[in-house]
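Numbering (my numbering), first residue to last: 6 to 91.
Below is the structure:
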């Protein structure tokens, strides 16, 4: 059975075949203050200097310091009404 994450990655690669370097796998711990994995993720994401961050079906709270990386805005796409079904 395919996970939602795998389906999204597969579809994203079909839509944006030449943009794979702009997709960054999300670690399990995003907070750079709490894990080395989070520090590395923050560093890589900041180096991209994104105008927008697009988050799709990520089921955890994203730290403010990650959301602040986007120059214009972070965008969240989620399949349910939050937090109604949380």
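We put the beta carbon where it would ideally sit given N, CA and C, even for glycine.
Exercise for the section: Compare the C-alpha of residue 55 against each of 18, 79, 19, 42 and name the closest. Expected result: 79
Handout entry: Candidates 36, 83, 39, of which the one nearest residue 62 by Cα
Key = 83
Exercise for the section: Using the Cα positions of residue 77 and residue 59, report the straight-line distance between them to the nearest angstrom. Expected result: 11 Å
Exercise for the section: Would you mind sorting residue 43 into buried or exposed? The rule is 16 or more other CB atoms within 10 Å of its CB. Expected result: buried
Exercise for the section: Have a look at the DSSP bridge pairing and note the partners of residue 68. Expected result: According to DSSP, which records beta bridges pairwise, residue 68 is partnered with nothing at all.
Problem - For residue 69, the nearest candidate out of 19, 18, 15, 36 (CA to CA) - result: 36
Problem - Contacts around residue 65, its chain only, beta-carbon distance under 8 Å, and the 5 residues preceding and following it disregarded - result: 35
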